[in-house]
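Report on the structure given below.
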Amino acid sequence: MRTFLTLLGREVKSFFYSPIAYVVLFFFLIATGFNFYTGVSFLNQSPSEVTVVEAAFNTVLFWFPFVLIFPLITMRTYSDEFRMGTIETLATAPVSDWQIVLSKFLGAFFFYVLIWAPSFLYFVAFQEITGKQAALAAGAFGGSYLLLLLIGAFYVALGCLASALTNEQINAAVMTFVAIFGFFVTGLLGFILNSPSPAIREIIAYFSAVEHMADFSRGLIDSRPLIWYTSMTAFVLFLNLQVFQYRKWKA
Amino acid sequence: MIKVVHLTKRYPGFTAVRDISFEVDKGEVVGFLGPNGAGKSTTMRMLTGYLPPTSGHASIAGFDIFEQSIQARQHLGYLPESTPLYRDMRVHEYLRYRASLKGVEGSKIKDRVGDVLEMCDLKEKERALIGTLSKGQKQRVGLADALVHDPDLLILDEPTIGLDPNQIRQVRELIKNLAHRRTVLISTHILPEVEMMCSRVVVIHKGRIRASDTPENLLQKHRSAGEVRLELQNAGEDVHAKLAALAGVKDVQHKKSDPDSLFLLRTEAEADPTAEILKLAADNHWNVRGIVRKKPSLEDVFVDLTQGE
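Here the protein sequences line up with chains A and B, keeping their order. Numbering that gives the first Met the number 0 puts the first residue of the first sequence at 0, with every later residue one more than the last. Numbering that gives the first Met the number 0 puts the first residue of the second sequence at 0, with every later residue one more than the last.
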């Protein structure tokens, strides 16, 4: 356990060795702040049944930076180690491959959580200042953040997998982006296709992060997306371990 | 300390290591020699648990390198070829991280890191970013990392490659000092180094072990043995034949260079024909400009064992 915490500690700290972490944090703060601001001013224009939480989590301004951060967070997790050769010192220390894979995933996930943390304050500030509820119920508020964490876990895992596949950060970033974009677009097919059959709609619904978020931010906590994202994260991490060992062993 | 039994590593299309077996006893300093691509690094990577062997097995301190990989790794300090390091960490930070990773107790980490910084002469650079260090300093950081958990066994893959002569000397002294209470397996291309440091040499070529013996024994057994260089002024026609007729001389090469001639005599391992050559020269009034006897070196043995085939 101590070994694992040591690994995790380095993964988390490694973000802050380079200025990239600060740049990502800074711009993400601006993007989400702007999104929140436009959401609130939109609601200000006319009476509406939409809550602030719904307005903040269901806009293009929310989704656009959302899908862009994952390549930035995860691109160097493995690529850098493979390119620099440090993977050899890492993997010959008395640590198991699972510990390495999990620490890299959780380290990146921790950073993802960290960049979302300030957004929490927006809603707190809103409630303090206006004296109004930001969400219909605690479930809508908690549900949105829960879903944010679960989608994040899945996308971070995808990013780690992509990074384990290549020595170049740029390749990892592009692969991550394409993978996430692929899932995203598949989810949007429901809106694009002309009256798809119920079975297809059912399948597409699993991919649709946009629809999941629409439900959760209204307080509709559906178990299907929860299970989908959890099991997909576990599956991708399993693939990640295989890829990691394969790359190591063919060295 | 190390036991390798019929270890083989096959890649699609070629075999990097073929059925090698050797042992390294506690306290030995063993030089692992071979040309580039001979299978040295592959063998070391298998020993350190980085690569799985295709067949055969090996153990370190009694632990199987694959079945009990974690325990085996706890006993060894490894310096990979080209010393990979995290460039964006500071020296002491990196060593503390590595110490913790290798299971050094929390309360002892500070002391251990202090010790290895001292040992590797890095005290002044303790707060420097690793990326800003010179190659020699980085090499010493790598060594400090290999040592930080005080392992019984050190596996060093070309620790002196790419260093300047001063740095090579520093690293060599360091390794010599480390060797006192440890078992060391070291691969290198610098053969005088091996003669100075190693109690035994394992020569590997094309994935096979060609020799495993003390440096002295290797030199003794070596067939192409010694050489005498003789420089003569205005050498006559008969010199070549007279030199070749001497006892212990295997063959003579005449390299003409006016006005002096250079003769290279290859001799048996034990033979020293210099006295006789001088006598011959005195009797025949040859004008000797110089005579040098070159003892057989490990380099000759190396070339002999790893060339051809």
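Glycine is no exception: its CB is placed at the ideal position from the N, C-alpha and C atoms. None of these values were measured; they are calculated from a predicted model.
- At a cut-off of 8 Å between beta carbons, K131(A) makes no contact with chain B.
- Inter-residue distance for L164(A) and I179(A) is about 16 Å (C-alpha atoms, whole angstroms).
- L184(B) and Y85(B) have their C-alpha atoms roughly 24 Å apart.
- Remark: fewer than three beta-carbon pairs, one from each stretch, lie closer than 8 Å, so the segment 60-75 of chain B and the segment 79-88 of chain A are not flagged as touching.
- Within chain A, the C-beta atoms nearer than 7 Å to that of T47(B) come from T91, in chain order.
- Three or more beta-carbon pairs separated by less than 8 Å are not found between the segment 163-183 of chain B and the segment 12-22 of chain B, which leaves the two stretches without contact.
- Proximity to F63(A) across F215(A), F206(A), T175(A), N34(A) peaks at N34(A), based on C-alpha coordinates.
- A straight-line Cα-Cα distance of about 23 Å links A156(A) and K249(A).
- Distance from G138(A) to G218(A) at the Cβ level is roughly 4 Å; contact confirmed, criterion being Cβ atoms closer than 8 Å.
- When the five nearest sequence neighbours on each side are left out, the beta carbons in the same chain lying within less than 7 Å of the beta carbon of A152(A) are those of F108, Y228, T232, in order along the chain.
- Sequence-ordered contacts of the segment 85-110 of chain A with chain B read T85, I86, E87, T88, L89, A90, T91, A92, P93, V94, S95 [C-beta pairs closer than 9 Å].
- DSSP places A90(A) within a helical segment (H, G or I) once states are collapsed to three.
- Counting along the chain, H91(B) sits inside the alpha helix (DSSP H) bounded by residues 90-100.
- The beta-carbon distance between I154(B) and T47(B), rounded to whole angstroms, is 6 Å. This is short enough to meet the 8 Å contact definition.
- In the DSSP assignment, Q44(A) falls within the alpha helix (DSSP H) that extends over 19-44.
- Approximately 7 Å separates the beta-carbon atoms of I203(A) and G186(A); this is inside 8 Å, confirming the contact.
- In this structure, S198(B) is the residue among S198(B), G206(B), K122(B), H204(B) with its C-alpha nearest to the C-alpha of D212(B).
- Here the C-alpha atom of P34(B) lies approximately 48 Å from the C-alpha atom of L67(A).
- Judged by DSSP in its simplified three-state form, S13(A) adopts helix.
- With a threshold of 16 other beta carbon atoms within 10 Å, F81(A) meets it and is buried.
- Annotation: F15(A) to Y21(A) spans about 7 Å, alpha carbon to alpha carbon.
- For L261(B) and L121(B), the gap between their C-alpha atoms comes out near 49 Å.
- By the criterion of a C-beta distance shorter than 7 Å, V100(A) is surrounded in its chain by L236, N239, L240, F243, once the five residues flanking it on both sides are discounted.
- If you draw a 10 Å sphere on the C-beta of I19(B), you find 16 or more other C-beta atoms in it, and that means buried.
- For the segment 67-80 of chain B, the beta-carbon criterion of a distance under 7 Å to any beta-carbon of chain A is satisfied by I69, R72, Q73, Y77, P79.
- For G76(B), no alpha helix (DSSP H) segment is defined; the enclosing uninterrupted segment is the beta strand (DSSP E) at 75-78.
- Within the segment 0-15 of chain A, those residues whose Cβ lies closer than 9 Å to any Cβ of chain B are, in chain order, R1, T2, L4, T5, L6, G8, R9, K12, S13.
- For F65(B), the three-state secondary structure derived from DSSP is coil.
- Taking 8 Å as the upper bound on Cβ-Cβ separation, chain A lies near residues P83, L84, Y85, R86, D87, M88, Y96 of the segment 83-96 of chain B.
- The segment 58-69 of chain B makes no contact with the segment 156-163 of chain B, as fewer than three CB pairs between them are under 8 Å.
- The segment 241-253 of chain B and the segment 43-59 of chain B do not touch, with fewer than 3 CB-CB distances between them shorter than 8 Å.
- Taking C-beta atoms as the reference points, R111(B) and A98(B) count as a pair closer than 8 Å.
- For L279(B), the closest alpha carbon among the candidates G141(B), L128(B), G235(B), D303(B) is that of G235(B).
- By DSSP's assignment, S102(A) forms no beta bridge with any residue.
- Comparing alpha carbon positions, the residue from A133(A), D221(A), L71(A) closest to F27(A) is L71(A).
- When the beta-carbon positions are compared, R209(B) and V200(B) stay at least 8 Å from each other.
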